Every structure is written in structure tokens, then in C-alpha cells.
Amino acid sequence: MNNVILKTNQLCKSFKSGTQEQRVLKNLDIDIYEQDFTVIMGSSGAGKSTLLYALSGMDRATSGTIRFFDAEIASLNSDKLAVFRRQNCGFVFQQMFLLDNMSILDNILASGLLIGKDRKAIVAYAKELLTKVGLTETIWRKFPTQLSGGENQRAAIVRALINQPKVVFADEPTGSLNSAAGKAVLDVLTDVNNSGQSIIMVTHDLHSARRGNRILYIKDGVIGGECSLGKYVSGDRQRHQKLQDFLLEMGW
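Numbered according to our numbering, the sequence shown spans residues 771 to 1022.
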């Protein structure tokens, strides 16, 4: 088994509305392993995205600890946490957050150059990734407002991968894509995972979920069960059936 790179202990997250408090995550103990493609599933409102944002440090947990590469991220101040995320994490959101006054290529390069890597190498890798997700050279100099939602989502995924982060956090990365574009994105995520990067992805889509080697199912704020699928192999019907059986058992 690979090394644990992310570990939670008694992780809780609550939201207050007036005098009412809603506990979304309840005392979670989770180990995430290096080079795994971990998928988080569950019904709507179960806490999937809340968990993803807490694990990545994008949102503060109410209580508990999160150790990420031997750093206790809950104890880092905002500036140190931002540096830590920039150096170690890539993020794919449901909303793209691309800058409308910059071209697609410049949006990606801006993220890549923040950590001081060689510009020539960053440009070459950006173009390689853009091609892999099916965005042709004619699109690279266009602005986000000139592209479809699916094209912008693919560009946002390239932005998340440009720094070759140790962990990629993805929240429904294929949610706005058609089947062909979604497959291209999943192929890239699978490729970078096979190259050693860890993926943590939230999805409700079976076709996306079966790319993972480990499925965590969250139910009412706790982990209700998990399923090990092994490394992804295209066309493996037994894998698909095993995932379906697990989700039915979980009440999905």
C-alpha cells in the first residue's frame, strides 16, 4: 500500500443559520494514499463537496485535524495556507473562475508562473495539455466569453494541472461536458494519476467514478462504506458491475 499523504482525525464541519446549527461532516477519520485516484460519492446534500473543500484547505473545518504532507493545515494562517496550496494542489471547481480579460492560454500560464517555473517549459506543457483535452490552437488565444461552458471547463482543468501538483482536487469535473469532452478530461486525469499524481474527485456520474481505484461513499456526514476497484482498465465490465453493486448497497 502507498504512503498516506492526507489524514483526518475527528473532522467536523458545521454551518450556522440563526440559532440552528447543521452538522455536515461528523467526526471523520480518513486516510488518502499517495498515487490513488480517490472518488467521493453520495446523495445530494450528503457533504461531498464540503468534504473536498475541507480536505484541500479551501474551507476551514469546524474541528478536528487534517495532516497533509506532514503539515497540519488547520493551523496554518491564510497566507501560509495559500502558499501551501499553490505548491501542492490543483483545483477543478464546478465554477471555472477564469479571468475574462485574459486569453485561455494566459489564464493557464498565470497559474503556472506563480510558482517560478521556467516560462518556456510552462508554455510547452500548457499546449500539450490543451491538445490532450481537445482544445485546438485556434482556441488558445480566445477569451473565456468567446467559448462554450464545456470549452472553459476543459481549460480550467488544464489550469489545475499546469503546476503538476501532488494532489488534484476535482469537484464534478465533467458535469458541464458532453460525453466526448468528458472522456477527454477523464483520460487526462487518468494519465496524470498513472504518472504519480494523486486525484481526489467528487462525482455523481458512474462513468466518471469508475476511473477511480478507491470509492468513498459519504452518507449523512459520515463515510458509509468504501469500494476498491484497482487501477482503471478501459472496457472492464466487471469493474462497472462491482461499482454498481456497491452503490446499490449504499442506497445510492
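Just so it is clear, CB atoms sit at the ideal spot from N, CA and C, and this is done for glycine as well. Model, not experiment: these values are computed from the prediction.
Distance between residue 884 and residue 851 (C-alpha atoms, nearest Å): Looking at the two C-alpha atoms, the distance is approximately 15 Å.
Distance between beta carbons of residue 984 and residue 835, contact taken as under 8 Å: With 8 Å as the limit, residue 835 and residue 984 do not qualify as a contact, their Cβ atoms being about 21 Å apart.
Segment contact, 8 Å Cβ cut-off, at least three pairs: the segment 948–967 with the segment 771–791: No: the two stretches stay apart, fewer than three of their Cβ pairs being nearer than 8 Å.
Residue span of the beta strand (DSSP E) that contains residue 861, given as start and end: Annotation for residue 861: the continuous beta strand (DSSP E) segment containing it runs 859–862.
Host alpha helix (DSSP H) of residue 981 (start-end): For residue 981, no alpha helix (DSSP H) run applies, since DSSP gives it neither H nor E.
Sheet register partners of residue 881 (DSSP bridge): DSSP, once it has assigned bridges, lists no residue as partnering residue 881.
Own chain residues within Cβ distance below 7 Å of residue 804, not counting five before or after: Shown here for residue 804: same chain residues with a beta carbon closer than 7 Å to its own, the five before and five after excluded, namely 772, 773, 775 and 968 in chain order.
Identity of the residue in 989, 1001, 994 and 993 nearest residue 982 by Cα: The shortest C-alpha separation from residue 982 is found at 1001.
Sequence-distant residues of its chain with Cβ nearer than 8 Å to residue 1003 (five each side left out): Within the same chain, 1009 come within 8 Å of residue 1003 by CB-CB distance, once the 5 residues on both sides are set aside.
As assigned by DSSP and simplified to three states, the class of residue 932: Of the three classes helix, strand and coil, the one that applies to residue 932 here is coil, per DSSP.
Residue from 909, 992, 903 and 910 with nearest C-alpha to residue 949: Of the listed residues, the one whose Cα sits closest to residue 949 is 903.
C-beta neighbour in chain D for residue 846, strict 8 Å: In the structure shown, chain D cannot be found, because there is only a single protein chain.
Status (buried if at least 16 other CB within 10 Å, exposed otherwise) for residue 890: Of the residues assessed, residue 890 falls on the exposed side of the cut-off, its CB having fewer than 16 other CB atoms within 10 angstroms.
Nearest-angstrom Cα separation, counted from residue 790 out to residue 966: Rounded to the nearest angstrom, the two C-alpha atoms are 43 Å apart.
Residue 826 (DSSP reduced to helix, strand or coil): If DSSP states are grouped into helix, strand and coil, residue 826 belongs with the helices.
Residues sharing a beta bridge with residue 968, DSSP: Note: residue 968 sits in a beta bridge opposite 937.
Presumed contact (8 Å Cβ cut-off) between residue 1020 and residue 994, rounded CB distance: Residue 1020 to residue 994, Cβ: 6 Å. Contact.
From 865, 864 and 842, residue whose alpha carbon lies closest to that of residue 855: The candidate whose alpha carbon is nearest that of residue 855 is 842.
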